[in-house]
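S.K.: Could you have a look at this structure, given as structure tokens, before my questions?
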Amino acid sequence: MRSVKVKDYMSTRVITFRPETNVVEAMRAFLDHNISEAPVISEDGRVVGILSEADLMRAVIQDSYYDEAGGIFGDFMKSPVETINSYDDIYSVAEKFIADGRRRYLVVDDGHLVGQVSRSDVLRAAEDFPQRR
């Protein structure tokens with residue numbers, strides 16, 4: 044079977060945030076861009092965490108409980124983040140998707156975010172390169 048790399052199918056346009064990003068600002072961006080999670084990137088471009096819609100909801104509930112508004116990403120993000128490499132075989136990544144039920148992986152090379160790959164990207168690869176027996 045031909046080796047197909049993640050880099051050939053990953054999306055390189057990823058909406059990112061910094062740890063000091065305000066949660067209210069992030070909620071607007073999540074809604075405006077119809078995203079369900081976003082990587083949190085340090086000043087030097089390294090992935091330091093990830094924030095999901097559920098994390099944002101937790102922030103809102105906590106803020107409501109304490110009668111406060113706001114908070115920052117760094118307070119609610121999950122870390123460390125499981126990532127993959129752009130040179131990983133996309134069929135190996137498909138096995139990871141099946142095993143862990145995730146919807147997407149961040150793609151990181153040399154510690155820096157270079158993209159993300161989703162289940163749909165894997166299906167596109169399978170469609171483009173059918174396995175011939």
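Here my numbering is used: position 4 in the sequence shown is 47, and no number is missing along the way. We put the CB at the ideal spot given by N, CA and C, even for glycine.
#1: Could you give the residue range of the beta strand (DSSP E) that holds Arg71?
#2: Touching or not, the stretch 48-57 and the stretch 153-160, by the rule of three or more beta carbon pairs under 8 angstroms?
#3: Can you tell me whether Val124 is helix, strand or coil according to DSSP?
#4: Note down, one range per segment and in chain order, each beta strand (DSSP E) of at least 3 residues found wholly within the stretch 121-166.
#5: Could you check which residue in Val47, Val66 and Gly88 has the C-alpha nearest to that of Glu80?
#6: Count the other CB atoms, across all protein chains shown, that sit within 10 Å of the CB of Met120; report buried if there are 16 or more and exposed otherwise.
M.R.: Looking at the coordinates:
#1: Element bounds for Arg71: not the beta strand (DSSP E) but the alpha helix (DSSP H), Val66 to His76.
#2: As far as the Cβ criterion goes, the stretch 48-57 touches the stretch 153-160, which means the pair count is three or higher.
#3: Correct three-state label for Val124: coil.
#4: Counting only runs of 3+ residues, the beta strand (DSSP E) found wholly inside the stretch 121-166 occupies 147-152 and 155-161, in chain order.
#5: Comparing Cα-Cα distances from Glu80 to each of Val47, Val66 and Gly88, the minimum goes to Val66.
#6: Looking at its Cβ environment, which holds 16 or more other Cβ atoms inside 10 Å, Met120 is buried.
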